[in-house]
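J.: Protein sequences, first through last, are from chains A and B.
According to my numbering, the first sequence is numbered sequentially starting from 499.
According to my numbering, the second sequence is numbered sequentially starting from 1046.
Idealized CB from N, CA, C, for every residue including glycine.
Could you have a look at this structure, given as structure tokens, before my questions?
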Amino acid sequence: MVSERYVFPHKHLLGIQPLSARDITALLDQAQAFEEVCERPNIKIVPALRKKLVVNLFFENSTRTRNSFEIAEKRLSAEIINFDADTSSLNKGETLIDTAMNLQAMHPDLIVMRHSAPGAHALLARHMKASIVNAGDGSHEHPTQALLDAYTLRKKFGRLEGLRVAIVGDIRNSRVVRSNLWLLTRMGARVTLVGPPTLVPQEMQATWPGIRISHDFDAVIPDQDAIMMLRAQFERGTGAYIPGQGEYSRFFQLNPARMKLAKKDAVVLHPGPINRGLEITSDVADGPRSLILDQVTNGVPVRMAVLYLLSHPHGEQVP
Amino acid sequence: MPAAPGPCPVDPCPMDPGQMEATLRRLAAELVARVKPEEEVVLLGIRSRGLPLAERLATLLRTTTGAQVPVGALDITLYRDDLTEMVGSPIVRPTEIPFTLKERTVVLVDDVLYTGRTVRAALDALLDHGRPRRVMLLVLADRSGRELPIQADLAGLRVEIPPGHRVAVRVKEIDGEDGVTVEAC
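Structural data, given as structure tokens:
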């Protein structure tokens, strides 16, 4: 547990990259306290963000991430405004800065934003007094997903240090991978990236020295404590890099035959939504070693922790 | 019921480890005298130092009466009335109440009762966990300076001290030693 005197030093959560191991530990510890709130038999709401205004600003569709944030906000007693890009003036040609200035004029305390441009969150952070939470930006970062993955793993294994984690699939197009790499390497986990050569950029080893890259899923499986499957994102262009879905599944699908190669206590994660029968089969996704629904459950207390730690601005902040 | 403690005879009025132990014994005995046999008592220690005190009281109750009294931990951070004005989010510790509060007699345990604001927050927090039959407040030290209409049912020590001073309770589980001192702050 982080010390009682610790103060979260960041005003925004733009990514995992700026966070120290101590900051990550604090976020996970706080999530543990908020999990108790979510598991209560009666009233699953605390007055922590009472009188705070949170704007959910989603420029890309994401029903599950937005729902998870919204539940987290409600459980913290925040006031919530949902701002959907579809219905906004963006369709009338308003720029992101115009939107931001208009929101600023309403004095929100926190803005949860999903945007396809990696720099959009930093841009907003420079123009607004509110704290910005990155709910996913293009293929750059998705910090709350990495935090909930880490929370799920820490809850299962009691630690992250030394844990062997394989991240499998479309590494190239995934923002989840980048946030997870920052987090897992900073916490001392041993990460192997697995996928076809066209979907695993070799240069990632320059950014995260110490990670392994493999194109042989079967050879990697036996050592792993956790296998994190990624969504094959054909809507984001995965298809341009591989010969076909059948070929992809033959080498990189997690199925019962491959699960037989895994350690007895190895677990399966997936950020969702899953492509059943493509990167993972239903019997594995719904099986006893799958933590996929635990990840969804844990998303709420993790996001409560993020919102809570950002909700009290203080003097010596770093971005 | 034993007589309530009078004002502290010395200023500063310390409690050494032996006196603290004796005080907890007396508080356990007073608690037994204050509840009816049919009442189902649970202790809720307010983090941080109320929790080890609650655990010690439960041990004393078990050894003296044989009663198994459940102990829970209550963190009141999220219910503080000054939370929105705080600079930096205070770290929240887990609340652990692995039993129902419904129809129970809840004894809130804390080290020091001062302004009453912590107890106000604790009442809000515990009512979110269930509706007890009644709630009592037990503190090791009850000092002057109340800002809310709240008082202790049982207090190890009742002391008038001027503002600008604090009653410091140390417990060996957290601080490595037991003791109560009055310090200028």
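For residue 793 of chain A, count neighbouring C-beta atoms within 10 Å of its own C-beta (all shown protein chains included) and say buried if the count is 16 or more, exposed if not.
T.: Around the C-beta of residue 793 of chain A, 16 or more other C-beta atoms lie within 10 Å, and the residue is accordingly described as buried.
J.: Compute the Euclidean distance between the alpha carbons of residue 802 of chain A and residue 567 of chain A, then round it to the nearest angstrom.
T.: 8 Å
J.: With H, G and I counted as helix, E and B as strand and the rest as coil, what does DSSP make of residue 527 of chain A?
T.: helix
J.: For residue 502 of chain A, does the count of other Cβ atoms within 10 angstroms reach 16, so buried, or fall short, so exposed?
T.: exposed
J.: Hey, would you say residue 708 of chain A sits closer than 8 Å to residue 673 of chain A, going by beta carbons?
T.: no
J.: Is residue 1219 of chain B closer than 8 Å to residue 1212 of chain B when the C-beta atoms are compared?
T.: no
J.: When you check each C-beta in the region 1092-1123 of chain B against every C-beta of chain A, which residues fall closer than 9 Å?
T.: 1093, 1120, 1122 and 1123
J.: Is the Cβ of residue 1173 of chain B closer than 8 Å to any Cβ of chain A?
T.: yes
J.: For a contact meaning CB atoms closer than 8 Å, what does residue 1149 of chain B contact in chain A?
T.: Here the premise fails: no neighbours, minimum Cβ distance about 14 Å.
J.: What are the boundary residues of the beta strand (DSSP E) that includes residue 577 of chain A?
T.: 577-582
J.: List the endpoints of the continuous alpha helix (DSSP H) containing residue 776 of chain A.
T.: Careful: residue 776 of chain A lies outside any alpha helix (DSSP H) and carries neither H nor E.
J.: Once the 5 residues before and after residue 1246 of chain B are set aside, which same chain residues still bring their CB inside 8 Å of it?
T.: What is shown of chain B runs 1046 to 1230, which leaves residue 1246 of chain B out entirely.
J.: How should residue 694 of chain A be labelled, buried or exposed, when 16 other C-beta atoms within 10 angstroms of its C-beta is the threshold for buried?
T.: buried
J.: On a Cα-Cα basis, can you pick out the residue from A:522, A:507 and A:743 that is closest to residue 684 of chain A?
T.: A:522
J.: With a cut-off of 8 Å on the beta carbons, I'd call residue 1148 of chain B and residue 1178 of chain B a contact; round off their distance for me.
T.: 5 Å
J.: Is it buried or exposed, residue 605 of chain A, if we count other Cβ atoms within 10 angstroms and call 16 or more buried?
T.: exposed
J.: Determine the direct distance from the alpha carbon of residue 1117 of chain B to that of residue 670 of chain A, and round the result to whole angstroms.
T.: It is roughly 48 Å from the alpha-carbon of residue 670 of chain A to the alpha-carbon of residue 1117 of chain B.
J.: For residue 724 of chain A, which of A:561, A:768, A:714 and A:592 has the nearest alpha-carbon?
T.: Of the residues A:561, A:768, A:714 and A:592, the one whose Cα lies closest to the Cα of residue 724 of chain A is A:768.
J.: Which residues in chain A sit within 9 Å of residue 1195 of chain B, going by Cβ to Cβ distance?
T.: None at all; the shortest Cβ gap to chain A is about 19 Å.
J.: Consult DSSP for residue 567 of chain A and reduce its assignment to one of helix, strand or coil.
T.: helix
J.: Let me see if you follow: with CB-CB separation under 8 Å, is residue 1214 of chain B close to chain A or not?
T.: It does not: the Cβ of residue 1214 of chain B has no partner Cβ on chain A nearer than 8 Å.
J.: Closer than 7 Å by C-beta to residue 712 of chain A: which residues in its own chain qualify, once you throw out the five before and the five after it? Chain order, please.
T.: Here the set comprises 690, 692 and 718.
J.: Measuring CB to CB, does residue 1154 of chain B end up less than 8 Å from residue 1106 of chain B?
T.: no
J.: Across which residues does DSSP place residue 1220 of chain B in a beta bridge pair?
T.: According to DSSP, which records beta bridges pairwise, residue 1220 of chain B is partnered with nothing at all.
J.: Measuring only the C-alpha atoms, how far is residue 576 of chain A from residue 610 of chain A?
T.: Near 13 Å, if we compare the C-alpha coordinates of residue 610 of chain A and residue 576 of chain A.
J.: List the residues of chain B whose Cβ lies closer than 8 Å to the Cβ of residue 504 of chain A, in chain order.
T.: Going along chain B in sequence order, the residues near residue 504 of chain A (Cβ under 8 Å) are 1136.
J.: Rounded to the nearest angstrom, what separates residue 1114 of chain B and residue 755 of chain A at their Cα positions?
T.: 51 Å
J.: Smallest Cα separation from residue 1068 of chain B: which of B:1093, B:1090 and B:1101?
T.: B:1101
J.: List, in order along the chain, the chain B residues whose C-beta lies closer than 9 Å to that of residue 528 of chain A?
T.: 1134, 1136 and 1137
J.: Out of curiosity, what's the CA-to-CA distance linking residue 626 of chain A and residue 806 of chain A?
T.: Cα to Cα, residue 626 of chain A sits roughly 19 Å from residue 806 of chain A.
J.: Please state whether DSSP places residue 1148 of chain B in a helix, a strand or coil.
T.: coil
J.: Candidates A:775, A:648 and A:763: which alpha carbon is nearest residue 753 of chain A's?
T.: Closest in C-alpha terms to residue 753 of chain A, from the list A:775, A:648 and A:763, comes A:775.
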